[in-house]
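**Student:**
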Amino acid sequence: MSASLAPECNEVKERYDTCFLKWYSEKYLRNTATTDECEPLFRQYKTCLTAKKALKERGIDQMLEEARADNKDNDAEYMKPSGR
Amino acid sequence: MRFFASKYEFAYSWEEVSTNNWRKYCAYNDKASHVIAVDTLSRSLDAPTHILRTERLITCRQSMPQWVKRIMGGDDTSYVYEVSYVDPQAKRVTMCSQNMTWSELLQVQEKVQYTPSADAEGHTTFEQSAKIIALCGGWQKIKNSIEEISLERFRQNAAKGREGFERVLEISRQVFAQQREEARQQREGVAA
């Protein structure tokens, strides 16, 4: 799996990514998933990123706000239920 | 403004492609040395539609021509924001990306879709498109040059991206087969 931009978070990221990939291929794609089981691990990974100020120190926080605003149209289009 | 579009077919099922897409930049990919980190920022499963939305931050490091560096500043680390939508019912993965670094000078917006191939069963169609716009005021000539260079870089990275992903798909399949075989041997060993 790929590294994190905060090397201190690599270990928890690896655990999360492994969990997610298993859940995605074995449950989500087989339509047996109702919740994201890896969420507790995701929270740990996220806490690490926040604690290490990985996004804040690099000015990414600010850039993200703008990028998210730019992406609104995509959200509207691709979160729509598909015609079936 | 410049546009880029390409279409490609992977000889792997949509399930295999969409799973491995999450680790496109893993160690199996020897063509993605410019991607140094991939971080998931958020992930949510939409209950009624079952669409999985993921936000990722991709950290890249890639050398640039000297004169571009002078305009853009010295740092060659750049960040890309990517939002992906997996619709398991429609069997469609859509990924929308945009550059966050130097976005006041240059905007690169990319869209990628993976869907089951209409022509060959068990294959997956990959469609990629991008829009490149230089925003720096002033000389049109400079804008054109920046767009041309960016388009060329995009084209090179797109080709490398396909090659690298082919390798990830191939190795993942081998590793998976090996793991299955080991599990089988272990079971039989226990039974014997």
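So the protein lines, in turn, are chains X and Z.
Those letters in the first sequence? Residues 0 to 83, per numbering that gives the first Met the number 0, in order.
Those letters in the second sequence? Residues 0 to 191, per numbering that gives the first Met the number 0, in order.
Virtual Cβ for every residue (Gly too), placed ideally from N, Cα, C.
#1: Considering only their Cβ atoms, is the gap separating V16(Z) from Y113(Z) smaller than 7 angstroms?
#2: Tell me the DSSP secondary structure of S12(Z) in three-state form.
#3: Whether or not the region 70–77 of chain X and the region 133–148 of chain Z are in contact is what I'm after, with contact meaning three or more pairs of Cβ atoms, one per stretch, closer than 8 angstroms; do they touch?
#4: For N28(Z), which option in V189(Z), G188(Z), A158(Z) and E103(Z) has the closest C-alpha, if you only look at C-alpha atoms?
#5: A36(Z) and A2(X): beta carbons closer than 7 angstroms?
#6: If you run the structure through DSSP and keep just helix, strand and coil, what is C8(X)?
#7: Reducing DSSP to helix, strand and coil, say where C37(X) ends up.
#8: Do you know offhand how far L51(Z)'s Cα is from A32(X)'s?
#9: Which first and last residues belong to the beta strand (DSSP E) in which L63(X) is found?
#10: By the DSSP assignment, the beta strand (DSSP E) with R29(X) in it spans what residues?
#11: With 7 angstroms as the threshold, decide whether the Cβ of N73(X) is near any Cβ in chain Z.
#12: Given that a residue counts as buried once 16 or more other Cβ atoms are within 10 Å of its Cβ, and exposed if not, what is E109(Z)?
#13: Can you name the start and end residues of the beta strand (DSSP E) that K130(Z) belongs to?
#14: In the DSSP assignment, what residue or residues form a beta bridge with Q112(Z)?
#15: Roughly how many angstroms separate the alpha carbons of K71(X) and V189(Z), rounded to a whole number?
#16: Am I right that Y80(Z) and T58(Z) are in contact with their C-beta atoms under 8 angstroms? What's the rounded C-beta distance?
#17: Quick one: what's got a C-beta closer than 6 angstroms to E36(X)'s C-beta in the same chain, skipping five residues either side?
#18: Specify the secondary structure class of S51(Z) as computed by DSSP and reduced to three states.
#19: Find the residues of chain X that neighbour Y7(Z), judging by a C-beta separation of less than 7 angstroms, and give them in chain order.
**Tutor:** So, from the listed chains and residues:
#1: yes
#2: coil
#3: no
#4: A158(Z)
#5: Cβ atoms of A36(Z) and A2(X): closer than 7 angstroms.
#6: helix
#7: coil
#8: 11 angstroms
#9: For L63(X), no beta strand (DSSP E) segment is defined; the enclosing uninterrupted segment is the alpha helix (DSSP H) at I59 to D69.
#10: Note, R29(X): premise wrong, no beta strand (DSSP E); not H, not E.
#11: yes
#12: Under this definition E109(Z) is a buried residue.
#13: T123 to A133
#14: T93(Z) and E126(Z)
#15: 55 angstroms
#16: Not quite, the Cβ-Cβ distance comes to about 11 angstroms (not below 8 angstroms), so this is no contact.
#17: Apart from the 5 residues on each side of it in sequence, E36(X) sits with its Cβ closer than 6 angstroms to the Cβ of W22 in its chain, given in chain order.
#18: One detail in the question is off: residue 51(Z) reads as Leu in this sequence, not Ser. Note: L51(Z) maps to strand in three-state DSSP.
#19: Correct list: empty, because the minimum Cβ distance to chain X is about 21 angstroms.
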